[in-house]
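Since the structure comes first, as C-alpha cells, the remarks are kept for the end.
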Amino acid sequence: MIENVRIVMVHTSHPGNIGAAARAMKNMCVSQLALVNPREFPNAEATARASGADDILAAAHTVEDLASAVADCRVVIGASARIRSVRWPLLAPREAAEVAALEARSAPVAIVFGRESSGLSNDELDLCTHLVHIPTNPAYSSLNVAMAVQVICYELMLTTVADAGPAPTTSPDPAQGRMASIAEMEGFFGHLAQALDEIGFTDERRSEKLLRRLRRLFHRAAPDSEEVNILRGILSAAQGRKSMRR
Ligand code: SAH
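Its first residue numbered 1, the sequence shown is counted upward by one per residue in our numbering.
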C-alpha cells in the first residue's frame with residue numbers, strides 16, 4: 001500500500017462518486033480517504049459503487065472543512081479541471097505524483113478533489129501548495145471526479161513503484177529544519193493579514209489579491225517552523241506588541 005497519501009474529496013454531492021473513488025484508490029494501492037462535508041455518507045450507493053473497496057469507505061474520515069483535513073500536511077495538491085488565472089505552481093499528473101511520493105517519505109500529503117458542480121473555491125485553493133491539471137480536450141476539460149482520482153492514483157502507483165529506493169536520510173539543505181505544516185502556515189497568514197491591516201498597508205479593495213500573492217510567495221519559499229516563528233516575531237514587532245530593543 002502507498003502510505004502517507006491522503007485523497008481528500010470536498011463537498012461531494014453524489015455518494016456514488018465517493019464509492020467509485022474508493023474503488024479507484026484501492027486498485028492503485030492508495031488507502032487513505034478524507035471526506036469534507038459530503039452531502040450523503042455513509043450511503044448504499046457509495047458502498048455499491050465501491051464494489052469490494054468498502055474497507056476504504058469504512059476507514060474514511062469525515063471532517064467539516066478542508067483546513068481540518070490538511071492541517072498536518074506540508075504539501076497539499078489541488079486537482080483542478082480549469083487552468084486557473086492565478087498561477088499556483090501547476091503540475092502535470094506525473095509531476096504531481098513525483099512531488100507527492102517524495103514528500104510522503106517523511107510526512108502526510110493531501111491530494112484534493114473539488115465538488116462535481118463547481119470544483120474548489122478560492123478559499124480552498126488558498127490551502128493548496130500546488131495544483132495538478134489532467135490534460136484533456138480543451139473544449140471539454142472536466143472529468144468525473146472519481147475518474148480524476150483514478151488518473152492521479154494511477155500515476156502515484158507508477159511513481160511509487162519506480163521510486164522504491166531507500167528514503168533519503170538527510171534533508172537537501174542541512175540548515176533547514178522541518179518544513180512548516182499547513183496549520184502553521186495558516187496561523188502565519190492570518191497574522192500577516194492582521195498585521196498588514198494594522199500598519200495600514202492593505203485596504204479592503206486590494207487585500208484579497210495581495211494576500212493570495214503573498215501566500216504563493218511564502219509557500220514557494222517552503223519555510224521551516226522556526227522560520228515561520230521568526231516571521232511572526234517580526235510581524236508582532238511591527239504591530240508594536242513587542243520591543244525588539246529590550
Ligand atoms: N465544474 C467544475 C468541475 C468539477 S469536476 C469546475 O469547473 O471546476 C470535480 C473535480 O474533479 C474537480 O474539482 C477536480 O478536483 C477534478 N477534476 C476534474 N477534471 C479534472 C482535470 N482535467 N484535471 C484535474 N482535476 C480534475
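Glycine included, every Cβ here is placed at the ideal spot set by N, Cα and C.
Problem set entry | Thr160 versus Arg49: straight-line alpha-carbon distance, rounded | 26 angstroms
Exercise. Under 8 angstroms between the Cβ atoms of Thr12 and Val145?
Worked result: yes
Exercise. For the ligand SAH, any of its heavy atoms closer than 7 angstroms to the Cβ of Arg39?
Worked result: Every heavy atom of the ligand SAH is 7 angstroms or more from the Cβ of Arg39, so no.
Exercise. Could you give the distance in angstroms between the alpha-carbon of Ala139 and the alpha-carbon of Leu120?
Worked result: 20 angstroms
Exercise. Per DSSP, what kind of secondary structure is Pro135 in: helix, strand or coil?
Worked result: If DSSP states are grouped into helix, strand and coil, Pro135 belongs with coil.
Problem set entry | Short Cβ contact (8 angstroms threshold) for Arg225 with Glu186 | In the sequence as presented, Arg is not what sits at residue 225; that position holds Ser. No, Cβ-Cβ distance for Ser225 and Glu186 is not below 8 angstroms.
Exercise. Within this structure, are the beta carbons of Ala22 and Leu57 separated by less than 8 angstroms?
Worked result: yes
For this session: Compare the beta carbon distance of Phe41 and Ile18 with 8 angstroms and say whether it is the shorter of the two.
Result: yes
Exercise. Could you give the C-beta distance for Arg212 and Asp123, rounded to a whole number, given that I count them as a contact under 8 angstroms?
Worked result: With a Cβ gap of about 10 angstroms, Arg212 and Asp123 do not count as contacting.
For this session: Compute every distance between the C-beta of Leu143 and the non-hydrogen atoms of the ligand SAH, then say whether any falls below 7 angstroms.
Result: yes
Exercise. Taking three-plus beta-carbon pairs below 8 angstroms as touching, is the region 220 to 240 in contact with the region 184 to 204?
Worked result: Result yes; three or more Cβ-Cβ pairs closer than 8 angstroms.
For this session: With DSSP collapsed to three states, give me the class of Glu116.
Result: coil
Exercise. In angstroms, rounded to a whole number, what distance separates the CA positions of Asp55 and Thr129?
Worked result: 29 angstroms
For this session: For Ala79, I'd like the list of residues in its chain whose CB is within less than 6 angstroms of its CB, leaving aside the five on either flank, ordered along the chain.
Result: Hits under 6 angstroms: Phe113, Val132 and Ala148.
For this session: Give the secondary structure of Arg6 by DSSP, where H, G and I count as helix, E and B as strand, and everything else as coil.
Result: strand
Exercise. Going straight from the alpha carbon of Gln150 to that of Phe189, what length do you get?
Worked result: 33 angstroms
Exercise. Are Met179 and Ala222 close, meaning C-beta to C-beta below 8 angstroms?
Worked result: yes
Problem set entry | Rounded straight-line distance, which links the Cα of Ser236 to that of Leu143 | Looking at the backbone, the Cα of Leu143 and that of Ser236 are separated by about 45 angstroms.
For this session: Answer with buried or exposed for Thr170, where buried requires no fewer than 16 other C-beta atoms within 10 angstroms of its C-beta.
Result: Residue placement at Thr170 is flagged as unreliable, the pLDDT there being 48, under the threshold of 50; the coordinate-derived value follows with that caveat. Looking at its Cβ environment, which holds fewer than 16 other Cβ atoms inside 10 Å, Thr170 is exposed.
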